[in-house]
Amino acid sequence: MEETIIPKTSTVLAALLRADFTTLWRNRRAVVMVFLVPIVILVSWKDLVAKMGAAFALSNSLTYGLIAIGLMGYTNSIARDRDKGIFQRLRVAPAPNWTIMMSRIFVQLSMIALVTTAIFVVGYDYDKITLTPAGYALTYLTAIVGGAVYLALGQVIVGLIKNPETVNSTSRLVYFTFVIVGMFGGMGMLGKQVEQITQWSPYGTVKTIMAAGMVPGSWTMDTTNALLVTLGYTIVFAVIGIKNFKWNTK
Amino acid sequence: MDNNQSESILKVTDLCVQYGTFKAVKEVSFDVRKGEIFGLLGPNGAGKTSTLSAIEGLIKYQSGTVIVDGHNAKEKPLYARAAMGVQLQSTSFQSELKVSEILQLFAGIYGVKLTNEKLTAILKDISLEDAAGKRFGQLSGGQQQRVSLVISTIHNPRLVLLDEPTTGLDPQSRRQLWERIEAIRERGHAVVLTTHSMEEAESVCDRIGIIDHGKVITIDTPQALIEKHKNDPEVIAVSRKGRVTLEDVFIALTGKEVRA
Ligand SMILES: Nc1ncnc2c1ncn2[C@@H]1O[C@H](COP(=O)(O)OP(=O)(O)OP(=O)(O)O)[C@@H](O)[C@H]1O
Ligand SMILES: [Mg+2]
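From first to last, the protein sequence lines stand for chains A and B. Numbering-wise, the first sequence is residues 31 to 280 according to our numbering. Numbering-wise, the second sequence is residues 251 to 510 according to our numbering.
Listed below in structure tokens is the structure:
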């Protein structure tokens with residue numbers, strides 16, 4: 031009898047990545063939001079840059095970009111494709127489940143790198159913000175680490191909610207909560223206690239590590255703690271999100 | 251693998267599928283041999299899709315065994331899946347991708363080298379050579395179904411599972427699909443299909459299994475089934491124009507009432 035051939039994992043991943051990047055490219059109009067919000071914030075905060083520092087402005091706006099990627103870009107594409115049965119079709123092929131997810135996550139990580147680059151360019155263009163080479167390099171890393179929290183949070187949403195419309199509205203709600211609470215709470219406008227909570231929320235810790243990443247000399251013990259908390263959130267969210275995830279909506 | 255199994259491409263034994271407390275498939279057993287087209291028939295909700303989903307590895311089954319081309323589907327899921335081609339009852343591809351890109355994607359996943367010539371040949375084969383650059387979402391339902399079918403055989407699998415493949419097709423496409431299915435049989439491979447068309451079951455299936463309420467009622471060739479039941483009073487009662495068809499036997503065996 032004939033041998034059954036199991037395709038190489040690298041071949042499978044390459045095929046999935048190619049398809050997922052093509053899909054992203056065709057949907058490029060839908061991802062404008064991901065870029066727009068942080069850029070608008072960065073541009074409109076021109077005056078704040080002098081007062082609060084470049085790292086503050088960049089890390090803030092970049093955080094909004096990361097939240098948008100994880101909560102809107104990732105969740106909506108997963109919820110929609112799951113509802114259409116696209117995952118089920120892939121799963122009856124000899125593609126291990128993790129390759130299907132890995133490809134999706136990789137696409138979002140590249141989005142993070144793109145948004146980070148866009149923020150750097152706009153920051154330089156409008157606000158004349160420059161970082162040291164080490165600052166740029168470290169920020170790409172912290173952006174990936176920070177972005178992972180929101181991807182994991184997005185995973186919680188698609189893990190707990192099946193209906194794509196509900197996923198969409200929930201992720202929007204969570205997104206705006208983060209934006210509002212982050213913006214006002216983080217500045218102390220909602221009182222000391224909210225400021226403290228915000229600081230150690232996924233919003234605050236991500237912002238902290240990114241701000242320190244931009245000026246590596248300013249990295250302190252507190253930053254390291256923020257990094258550890260960020261990783262902790264990521265693991266907890268990822269476990270909840272993956273454990274509850276169903277591949278179909280039936 | 252031992253020799254007496256090599257004739258069997260799919261062997262399902264005492265398969266049980268449960269959703270929560272609801273038993274959708276109850277001790278279903280059948281086997282499909284090389285060069286055979288096996289039809290799985292049953293009213294809505296009988297458990298056909300659930301049976302196929304268990305074979306495909308999409309849902310966990312409570313008990314029973316599934317052997318695909320010698321590979322135990324639970325122990326060697328990737329081998330089992332590589333040996334089968336599947337068309338799901340409800341499935342879709344990324345609507346933003348072009349037809350050619352979807353074919354490339356699945357060729358990659360199944361480890362098949364897809365040259366441009368081969369791609370063109372495949373598209374021509376399903377009369378979609380002009381649609382290569384069209385997005386999947388822009389195709390008609392029947393055209394989408396043809397893409398889905400051709401993907402299910404892109405890696406020349408030994409077992410092809412088709413869940414209601416002809417639902418929604420025009421008569422021309424349906425006939426063409428029958429020929430395609432028969433060509434798979436000629437190659438010595440095996441096909442399992444579900445259908446609600448008794449005409450289809452009668453004209454393409456070598457053997458059929460009738461399943462209802464999750465249980466196999468009977469398995470036989472269409473002719474033998476008619477022969478065996480043509481004098482049953484229930485069958486005669488539902489037959490029309492004095493001629494007993496497979497549909498009459500089906501209705502007599504599964505009851506007249508429409509399923510919830
Ligand atoms: N995910 C699920 N959760 C709960 N019940 C389910 C699920 N999938 C199917 N069922 C139930 O299991 C039974 C069998 O369903 P199945 O889809 O296997 O039927 P079928 O024979 O394919 O029907 P049809 O001809 O309508 O396609 C039905 O009663 C259905 O409601
Ligand atoms: Mg079905």
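Just so it is clear, CB atoms sit at the ideal spot from N, CA and C, and this is done for glycine as well.
- Under the DSSP assignment, B:Leu-412 falls in the beta strand (DSSP E) whose first and last residues are 409 to 413.
- For the pair B:Gln-426 and B:Glu-449, the Cα-to-Cα distance works out to about 15 Å.
- A:Thr-228 sits in a helix when the DSSP states are folded into three classes.
- B:Leu-265 and A:Ser-140 have their C-alpha atoms roughly 44 Å apart.
- Taking the Cα positions, A:Ser-74 is about 10 Å away from A:Asp-157.
- Apart from sequence neighbours up to five positions away, the residues of its chain that approach B:His-463 with a beta-carbon distance below 8 Å are Lys-276, Ala-296 and Gly-297, ordered along the chain.
- Counting other Cβ atoms within 10 Å of its Cβ, A:Tyr-154 stays below 16 and is therefore classed as exposed.
- Interface annotation for the region 57 to 82 of chain A against chain B: Asn-57, criterion Cβ-Cβ distance under 8 Å.
- Under DSSP, B:Gly-459 takes part in a beta bridge, and its partners are B:Leu-290 and B:Ile-469.
- Here DSSP, grouped into helix, strand and coil, assigns A:Arg-119 to helix.
- Under the Cβ criterion of 8 Å, A:Val-42 is counted among the residues facing chain B.
- Between A:Val-137 and chain B, the shortest Cβ-Cβ separation is not below 8 Å.
- Nearest CB-CB separation between B:Asp-319 and chain A: below the 8 Å threshold.
- Of B:Ile-460, B:Val-442 and B:Lys-348, the smallest CA-CA separation from B:Val-454 is found for B:Val-442.
- For B:Ser-342, at least one C-beta of chain A is nearer than 8 Å to its own C-beta.
- Not a single CB atom of chain B sits nearer than 8 Å to the CB of A:Arg-112.
- Spatial neighbours of A:Ile-142 in its own chain (CB-CB distance under 7 Å, excluding positions within 5 residues in sequence) are listed in chain order as Leu-96, Ile-99, Ala-173, Ile-174 and Gly-177.
- Taking 8 Å as the cut-off, the beta carbon of B:Ala-323 is found closer than this to the beta carbon of B:Gly-307.
- Secondary structure note for B:Lys-273: its beta strand (DSSP E) is the uninterrupted segment 272 to 283.
- The beta carbon of A:Pro-37 sits closer than 8 Å to some beta carbon of chain B.
- Ranked by how close their Cα comes to the Cα of A:Pro-232, the residues A:Val-209, A:Gly-189, A:Leu-78 and A:Trp-249 have A:Val-209 in first place.
- Every residue with a CB closer than 7 Å to a heavy atom of ligand 2 is listed here in chain order: B:Lys-298, B:Thr-299, B:Gln-339, B:Asp-413, B:Glu-414 and B:Thr-444.
- When C-alpha distances from A:Phe-117 are compared across A:Leu-220, A:Pro-37 and A:Ser-133, the shortest belongs to A:Ser-133.
- For the region 101 to 131 of chain A, the beta-carbon criterion of a distance under 8 Å to any beta-carbon of chain B is satisfied by Asp-111, Lys-114, Gly-115, Ile-116, Gln-118, Arg-119, Leu-120, Arg-121, Val-122, Ala-123, Pro-124, Ala-125 and Pro-126.
- For B:Ile-259, there is no enclosing alpha helix (DSSP H); the enclosing beta strand (DSSP E) has its first and last residue at 258 to 269.
- Boundaries of the alpha helix (DSSP H) harbouring A:Thr-53: 39 to 56, taken from the DSSP string.
- With fewer than 16 other CB atoms across the displayed protein chains lying within 10 angstroms of its CB, A:Leu-171 is exposed.
- Within the region 322 to 341 of chain B, those residues whose Cβ lies closer than 7 Å to any Cβ of chain A are, in chain order, Leu-328, Tyr-329, Arg-331, Ala-332, Ala-333, Val-336, Leu-338, Ser-340 and Thr-341.
- Burial check for B:Glu-351: the Cβ neighbour count within 10 Å reaches 16 or more, so the residue is buried.
- In this structure, B:Ile-460 places its C-beta atom within 8 Å of the C-beta atom of B:Leu-503.
- For a Cβ distance threshold of 7 Å, residue set Ala-49 and Thr-52 of chain A lies close to B:Glu-351, ordered along the chain.
- Segment contact: the region 189 to 196 of chain A against the region 85 to 92 of chain A, fewer than three CB-CB distances shorter than 8 Å; contact not assigned.
- Residue contact with chain B for A:Ala-182: absent (no Cβ-Cβ distance below 8 Å to any residue of chain B).
- Note: B:Ile-317 is bridge-paired with B:Lys-261 and B:Asn-322 in the DSSP secondary-structure output.
- The three-state secondary structure of B:Gly-335, taken from DSSP, is strand.
- The C-beta distance from A:Arg-110 to A:Trp-277 rounds to 14 Å, too long to meet the 8 Å contact threshold.
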